[in-house]
Amino acid sequence: MTTLTDRPQTALLVIDVQNDVVAEAHDRDRVVANVASLVDRAREQAVPVVWVQHSHPEGMPRGSDGWQYVPELTIGPEEPVVHKLYGDSFEDTDLEDVLAGLGVGSLMVAGAQTDMCIRSTLHGALARGYDATLVADAHTTEDLSEYGAPTPDLVIAHTNLYWADQRAPGRAAGTVTAAEAFAPAAG
């Protein structure tokens, strides 16, 4: 349903599952395992996997240990890595060019942090004409409740709730579970 009619492919977009980003994340191990299973299934079905990697000069400089992807996830040698400085993975990056080159008009989104880069990228994708599906049990965030935010479980639940019914003209959004994403068609 994407408005990018010349791009029939779907890609898995894995956002910021980096050591420092998920070090204190809610339900980290389960979420990382779900992301790993998504990556495996996408590869088995020849679905492109696109990795997004955040950096910040003061807090998480490029090349540092904290900037590295978690050891449970391995980026394939032919899989593109998009480097970003902002929440929305499209802002000031080559993500749009990477996806256009792969013929991608639909995204399955997983990673961290739910209330920052995940939400920004989902909205950025939909605004740019992509279908954007959130993998409901493959994203997480840290606890920012001391600053007035809801607890991480509520942030995740609320994001899943409102993204399940999100839509725009000619574009689809929604949520699936990790088990449902890239599942073989019944027949």
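Numbered by my numbering, the letters in the sequence shown go through residues 16 to 202 in order.
All C-beta atoms in this analysis are idealised placements derived from N, C-alpha and C, irrespective of residue type, glycine included.
Cross-strand partners of residue i (DSSP beta bridge)
i, result
"Ile-90", "Per DSSP, none; premise fails for Ile-90."
"Gln-68", "His-98"
"Gln-33", "Tyr-84"
"Thr-148", "Met-123 and Gly-189"
"Thr-155", "Ala-127"
"Arg-182", "Ala-187"
"Met-75", "His-71"
Pairwise C-alpha distance: residue j and residue i
i, j, result
"Ala-115", "Pro-95", "12 Å"
"Ser-52", "Ala-193", "8 Å"
"Phe-197", "Arg-56", "6 Å"
"Trp-82", "Ala-38", "11 Å"
"Leu-149", "Leu-137", "8 Å"
"Asp-130", "Glu-59", "30 Å"
First and last residue of the uninterrupted beta strand (DSSP E) at residue i
i, result
"Arg-22", "No beta strand (DSSP E) holds Arg-22; DSSP gives it neither H nor E."
Span of the alpha helix (DSSP H) around residue i
i, result
"Ser-52", "43 to 59"
"Val-113", "110 to 117"
"Asp-168", "167 to 179"
Three-way DSSP call (helix, strand, coil) for residue i in this model
i, result
"Met-131", "helix"
"Ala-142", "helix"
"Glu-161", "helix"
Residue i burial status per 10 Å Cβ neighbour count (16 or more: buried)
i, result
"Gly-74", "exposed"
"Tyr-14", "Outside the shown range of the chain, which is 16 to 202, sits residue 14, and nothing can be said about it."
"Ser-121", "buried"
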